[in-house]
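Undergrad:
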Amino acid sequence: METEGTAERLERARHGDIDAFMELFEGARPMVFSVAYRIVGPNDAEDVLMDTTLKAWKALPGFTGRSGLRTWLCRIAHNCAVDHLRRCPRWVGQGTDEARGGADPAVLPDPAQRHPAAALAGAELDEHIRVALESLSPEHQSTLLLRFVDGLGYAEIAAATGVSIGTVMSRLFNGRRKMMRLLKEVREDLT
Amino acid sequence: MNTLSWKDVTGKLKTVAARKDLPETAAFWTDFSARARLVRQDEPVATRDRIPVGLRWGTATVLALFLVAAGLFALPTMRGAVTRIKALEVVAPHSGLIIMNDQSGRGTILWITGMESNPSSG
Chain B
2 METEGTAERL
12 ERARHGDIDA
22 FMELFEGARP
32 MVFSVAYRIV
42 GPNDAEDVLM
52 DTTLKAWKAL
62 PGFTGRSGLR
72 TWLCRIAHNC
82 AVDHLRRCPR
92 WVGQGTDEAR
102 GGADPAVLPD
112 PAQRHPAAAL
122 AGAELDEHIR
132 VALESLSPEH
142 QSTLLLRFVD
152 GLGYAEIAAA
162 TGVSIGTVMS
172 RLFNGRRKMM
182 RLLKEVREDL
192 T
Chain F
27 MNTLSWKDVT
37 GKLKTVAARK
47 DLPETAAFWT
57 DFSARARLVR
67 QDEPVATRDR
77 IPVGLRWGTA
87 TVLALFLVAA
97 GLFALPTMRG
107 AVTRIKALEV
117 VAPHSGLIIM
127 NDQSGRGTIL
137 WITGMESNPS
147 SG
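Going down the list, the protein sequences come from chains B and F. Residue 2 is where the first sequence starts when you use the working numbering, and the numbers rise one by one after that. Residue 27 is where the second sequence starts when you use the working numbering, and the numbers rise one by one after that.
#1: Just the Cα atoms here: how many angstroms apart are aspartate 111 of chain B and tryptophan 32 of chain F?
#2: Is there a Cβ of chain B sitting closer than 9 Å to that of alanine 62 of chain F, yes or no?
#3: For chain B, is any of its Cβ atoms less than 9 Å away from the one on tryptophan 55 of chain F?
#4: Would a C-beta distance cut-off of 9 Å place leucine 50 of chain B and alanine 78 of chain B closer than the cut-off?
#5: Going by the CB atoms, is the gap between isoleucine 111 of chain F and isoleucine 124 of chain F shorter than 9 Å?
#6: Is it right to say phenylalanine 92 of chain F is buried, meaning 16 or more other beta carbons lie within 10 angstroms of its own, or is it exposed?
#7: Buried or exposed for threonine 144 of chain B, please, with buried defined as at least 16 other CB atoms from any protein chain shown within 10 angstroms of its CB.
#8: Between the alpha carbons of arginine 61 of chain F and leucine 30 of chain F, how many angstroms are there, rounded?
#9: Comparing C-alpha positions only, which one of B:Ala37, B:Asp18 and B:Ile158 sits nearest to arginine 63 of chain F?
#10: Along chain B, which residues have their Cβ under 9 Å away from the Cβ of leucine 30 of chain F?
#11: On the DSSP bridge list, what partners appear for methionine 126 of chain F?
#12: Does the CB of alanine 86 of chain F have a neighbour CB from chain A at under 9 Å?
#13: Taking C-beta pairs closer than 7 Å, name the residues in chain F that phenylalanine 149 of chain B reaches, listed in chain order.
#14: Whole angstroms is fine: what's the gap from threonine 87 of chain F's alpha carbon to serine 68 of chain B's?
#15: Assuming valine 33 of chain B and leucine 61 of chain B are in contact, meaning their beta carbons sit under 8 Å apart, how far apart are those beta carbons, in whole angstroms?
#16: Measuring straight from C-alpha to C-alpha, what distance separates histidine 120 of chain F and asparagine 127 of chain F?
#17: Excluding sequence positions up to five away, which residues of its chain have a Cβ less than 7 Å from the Cβ of glycine 133 of chain F?
#18: Any contact between the region 129-146 of chain B and the region 171-187 of chain B? By contact I mean 3 or more CB pairs, one from each, below 8 Å.
#19: Taking phenylalanine 26 of chain B as part of the alpha helix (DSSP H), name the residues at either end of that continuous run.
#20: Please state the DSSP three-state secondary structure of arginine 172 of chain B.
#21: Check the Cβ-Cβ distances between isoleucine 19 of chain B and every residue of chain F, and say whether any is below 9 Å.
#22: Hey, is phenylalanine 58 of chain F's beta-carbon within less than 9 Å of any beta-carbon in chain B?
#23: DSSP state of aspartate 1 of chain B, grouped into three classes?
#24: Beta-carbon separation of alanine 57 of chain B and alanine 46 of chain B under 9 Å?
#25: State buried or exposed for valine 94 of chain F, treating a residue as buried only when at least 16 other CB atoms are found within 10 Å of its CB.
#26: With DSSP run on the structure shown, which of helix, strand or coil describes aspartate 151 of chain B?
#27: Would DSSP call phenylalanine 43 of chain B helix, strand or coil?
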């Protein structure tokens, strides 16, 4: 029944029904916003979200259903974000609001200055994770975050980042391994 | 100290790298509606691929299996189709010609007699 409703709404939206479009795309809005956020950063994500939605509205009559609707949207979001970056290439980091490029793992807090019992606990662990994340390349950061924070599927991440599913899997594997290695090094230093 | 697992890290990542909240729903769609009315939608494209991808793959697989099966069934028949020689013209002078089809051995024997008895005629 859900599928029928979606198909009907899609057909109406393809023929110019704005209300049907809004009903259809409201569910995908968080995902598109995440994609925009991970690529252009917090300040411009809303603009990219609006651009993506307008482009999707314009191009929807040409949507043939070869890929899933969400994957199709991710591809549009990726293109809008890349266009945006070409116009204003100021965002480099991906992970957090403070991120501005890869961080140096060497700046992780000096373990010797800490009390071992409090090591890797609470806010301290958050900080280690943040720094480890920022030490990754922007591509690895965005792939990890889209997967593990925003919950996108492999095909959606591939469309959102403009690479193949194989590359997504590889980035997830390597990014995760590198993060864990960095965190493990800090942890061993603390013990 | 407890072992740090990837599950722990992802749990923390959701806090550390959480994105900010979505733009407010009503305001977003109001803004969108106003802008969308200025945008002309592309011409509808005939949806060529109404057949679901799964069904297309299924059909292709069944067709491929059918062709393989048909090939396997046809193979014995093809093996049995031995070429037969029913007539043969020998240009050189000779006295006789025998064609023997050996069904069991899948071969044909040609026996031309009397060629050696007319050496002068060549």
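Just so it is clear, CB atoms sit at the ideal spot from N, CA and C, and this is done for glycine as well. For clarity, every value in this text was computed on a predicted model and none was experimentally measured.
TA: Taking the structure as given:
#1: Note on aspartate 111 of chain B: pLDDT 46, under 50, position unreliable in the model; no value is reported.
#2: It does: the Cβ of alanine 62 of chain F has a partner Cβ on chain B nearer than 9 Å.
#3: Cβ-Cβ to chain B under 9 Å: yes for tryptophan 55 of chain F.
#4: Taking 9 Å as the Cβ cut-off, leucine 50 of chain B and alanine 78 of chain B qualify as a contacting pair.
#5: With a cutoff of 9 Å on beta-carbon distance, isoleucine 124 of chain F and isoleucine 111 of chain F are scored as not near each other.
#6: Burial call: exposed.
#7: Note on threonine 144 of chain B: 16 or more other CB atoms within 10 angstroms of its CB, so buried under the neighbour-count rule.
#8: Taking the Cα positions, arginine 61 of chain F is about 49 Å away from leucine 30 of chain F.
#9: The option with the nearest alpha carbon to arginine 63 of chain F is B:Asp18.
#10: Around leucine 30 of chain F, the beta-carbon contacts reaching into chain B at under 9 Å are Leu121, Leu126, Met181, Leu184, Lys185 and Arg188.
#11: In the DSSP output, where bridge partners are listed per residue, methionine 126 of chain F has F:Ile135.
#12: The chain inventory of the structure shown lacks chain A, comprising the protein chains B and F.
#13: Around phenylalanine 149 of chain B, the beta-carbon contacts reaching into chain F at under 7 Å are Thr36 and Leu39.
#14: So the alpha carbons of these two residues sit roughly 21 Å apart.
#15: Actually they are not in contact, since the Cβ atoms of valine 33 of chain B and leucine 61 of chain B sit about 14 Å apart, beyond 8 Å.
#16: If you take the alpha carbons of histidine 120 of chain F and asparagine 127 of chain F, they lie about 21 Å apart.
#17: Apart from the 5 residues on each side of it in sequence, glycine 133 of chain F has no Cβ closer than 7 Å to any other Cβ in its chain.
#18: Taking a cut-off of 8 Å for Cβ pairs, the region 129-146 of chain B and the region 171-187 of chain B touch, as three or more such pairs fall below it.
#19: That run of the alpha helix (DSSP H) goes 19-27.
#20: Arginine 172 of chain B: helix per DSSP, three-state reduction.
#21: Chain F contact via Cβ: present.
#22: Output row for phenylalanine 58 of chain F: interface = yes.
#23: In the structure as shown, chain B starts at 2 and stops at 192, and residue 1 of chain B therefore has no counterpart that could be examined.
#24: No, these two residues do not count as a Cβ contact at 9 Å.
#25: That one is exposed.
#26: Three-state DSSP puts aspartate 151 of chain B in coil, outside helix and strand.
#27: A small correction: the amino acid at residue 43 of chain B is proline; phenylalanine does not occupy that position in the sequence shown. Looking at proline 43 of chain B - three-state DSSP - the assignment turns out to be coil, as it is neither helix nor strand.
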